[in-house]
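Protein chains in written order, with the working numbering: chain A, -4 to 170; chain B, 70 to 261. Here a beta-carbon is modelled for each residue, glycine too, at the ideal position from N, C-alpha and C.
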């Protein structure tokens, strides 16, 4: 139950998700509850980032499991997911009714181009942190073109990129 | 209908399983599967959902899964109650792979995570995730989100201006995304 409440709080008070959650997780899990040491949390963040799925959920599963086994992992996950689930559901039910409202329509016509910009802007920041240079810039370029123009599913792109990285590293790079 | 729910479950399970690289990479996958492949949502509806997911509490991946699950079922012509079940199915399915994987990792694999094979795989994944995000942005640059010059020059020009404003205030001035969305919503209300 303590796990549920703690992660419920983390889920409820972070907007924007992902990395915005790290300071709050640190505050709750390391400083307040002392479930993990600061160094353990750093390791966990690295692992959770390299795992598929939702970052905050991955953290809550790990911490929950460490504390109370399967049941703890379940309660931690439920805590992280529940605020999102309830808030979004409420919004979805309300928004469904006002969707045809001309004012709401105008507001969202203004918001849509901004959303596109908010997705486009981190591309360059991510390119820096993924260490994109002139030798590997073809990888994101080919991936983007395949999805954008050829309609290839991003799932296949991820699969191929992961296998490509593995094969290249294991068999080609060191020869 | 059972088939629709099974498809929804399976799709979000795959998105959870291959969703490397955080919320935005997942958004690209939801776009690829739900909009491009199954046509459960239009690109415009999808954009609205991303806007709402960004500006409400909680991880973007969960927010958008919940919302997409609901809307996909409603769009297929079912009632709100089924929509709620749809959002439950999508959220559950997107979390399930994480659940199994993280428990396995915390049990056995923590020491393998610095293994060269894992590092090599990620050396390939990381640049590809950048491409995923770029593709998501490119796919959203369509007439549904920007209108078109032929159809309505006024709306098109304002949309491009809003895009430029949002891009610069995020990229250069690191403005809070919620403030950006609020301002642009007000601009839309006044200008359109």
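{"query": "When DSSP builds the beta bridges, which residues end up paired with residue 126/B?", "result": "10/A"}
{"query": "Residue 9/A and residue 126/B - do their beta-carbons sit closer together than 8 angstroms?", "result": "yes"}
{"query": "Listed from N- to C-terminal order along the chain, which residues in the region 220 to 237 of chain B have their beta-carbon within a distance smaller than 9 angstroms of any beta-carbon of chain A?", "result": "224, 227, 228, 229, 230, 231, 232, 233, 234, 235, 236 and 237"}
{"query": "Report buried or exposed for residue 130/A, applying the criterion of at least 16 other Cβ atoms within 10 angstroms of its Cβ.", "result": "exposed"}
{"query": "Going by beta-carbon coordinates alone, are residue 56/A and residue 40/A separated by less than 8 angstroms?", "result": "no"}
{"query": "Measuring CB to CB, does residue 36/A end up less than 8 angstroms from residue 52/A?", "result": "no"}
{"query": "Could you spell out the range, first to last residue, of the alpha helix (DSSP H) harbouring residue 30/A?", "result": "From DSSP, residue 30/A is part of no alpha helix (DSSP H); its letter is neither H nor E."}
{"query": "To be precise: take each residue of the region 123 to 136 of chain B, compare its Cβ to all Cβ atoms of chain A, and keep it if any distance is under 9 angstroms. Which residues remain?", "result": "123, 124, 125, 126, 127, 128, 129, 130, 131, 132, 133, 134, 135 and 136"}
{"query": "Just reading off the alpha helix (DSSP H) that residue 97/B is part of, what are its end residues?", "result": "92 to 99"}
{"query": "What are the boundary residues of the alpha helix (DSSP H) that includes residue 220/B?", "result": "Looking at the DSSP string, residue 220/B is not in any alpha helix (DSSP H), and its letter there is neither H nor E."}
{"query": "Taking the continuous alpha helix (DSSP H) assigned at residue 91/A, which residues delimit it?", "result": "50 to 93"}
{"query": "Three-state secondary structure (DSSP) at residue 16/A?", "result": "helix"}
{"query": "Output the distance between the C-alpha atoms of residue 90/B and residue 32/A, rounded to the nearest integer angstrom.", "result": "25 angstroms"}
{"query": "Can you check whether the C-beta of residue 74/B is within less than 8 angstroms of a C-beta belonging to chain A?", "result": "no"}
{"query": "Provide the residue span of the alpha helix (DSSP H) that contains residue 158/A, from first to last.", "result": "149 to 162"}
{"query": "Identify whether residue 129/A lies in helix, strand or coil by the three-state DSSP scheme.", "result": "coil"}
{"query": "Residue 98/A touches chain B at which residues, Cβ-Cβ below 7 angstroms?", "result": "258"}
{"query": "Return the CA-CA distance between residue 46/A and residue 100/B, expressed in angstroms with no decimal places.", "result": "21 angstroms"}
{"query": "Determine the direct distance from the alpha carbon of residue 166/A to that of residue 90/A, and round the result to whole angstroms.", "result": "53 angstroms"}
{"query": "In chain order, what residues of the same chain lie with their CB nearer than 7 angstroms to the CB of residue 204/B, ignoring the 5 residues before and after it?", "result": "97"}
{"query": "Buried or exposed: which applies to residue 97/A, given that a residue is buried once 16 or more other Cβ atoms fall within 10 Å of its Cβ?", "result": "exposed"}
{"query": "Assess contact between the region 146 to 164 of chain A and the region 210 to 229 of chain B, defined as three or more Cβ pairs (one per stretch) separated by less than 8 angstroms. Is contact present?", "result": "no"}
{"query": "Expressed to the nearest angstrom, what Euclidean distance is found between the alpha-carbon atoms of residue 132/B and residue 49/A?", "result": "11 angstroms"}
{"query": "Alpha carbon to alpha carbon, what distance is there between residue 256/B and residue 105/A?", "result": "6 angstroms"}
{"query": "Would DSSP call residue 146/A helix, strand or coil?", "result": "coil"}
{"query": "Less than 8 angstroms between CB atoms is the rule here; does residue 93/B satisfy it with respect to chain A?", "result": "yes"}
{"query": "Please classify residue 262/B: does DSSP put it in a helix, a strand, or coil?", "result": "Because chain B here runs from 70 to 261, residue 262/B falls outside it and cannot be looked at."}
{"query": "Report, in whole angstroms, the separation of the C-beta atoms of residue 246/B and residue 113/A, which I expect to be a contact under 8 angstroms.", "result": "5 angstroms"}
{"query": "Under 7 angstroms, CB to CB, which of the residues in the region 60 to 93 of chain A have a partner in chain B?", "result": "60, 61, 68, 72, 76, 78, 79, 80, 82, 83, 84, 86, 87, 88 and 91"}
{"query": "In terms of residues, what are the limits of the alpha helix (DSSP H) holding residue 176/B?", "result": "149 to 176"}
{"query": "Rank 109/B, 152/B and 172/B by C-alpha distance to the C-alpha of residue 63/A and give the top, closest one.", "result": "172/B"}
{"query": "Using a cut-off of 8 angstroms between C-beta atoms, extract the partners of residue 30/A located in chain B.", "result": "Going along chain B, no residue has its Cβ under 8 angstroms from residue 30/A, so there is no contact; the nearest lies around 13 angstroms."}
{"query": "Since residue 215/B meets chain A, which of its residues come closer than 9 angstroms, beta carbon to beta carbon?", "result": "107, 108 and 111"}
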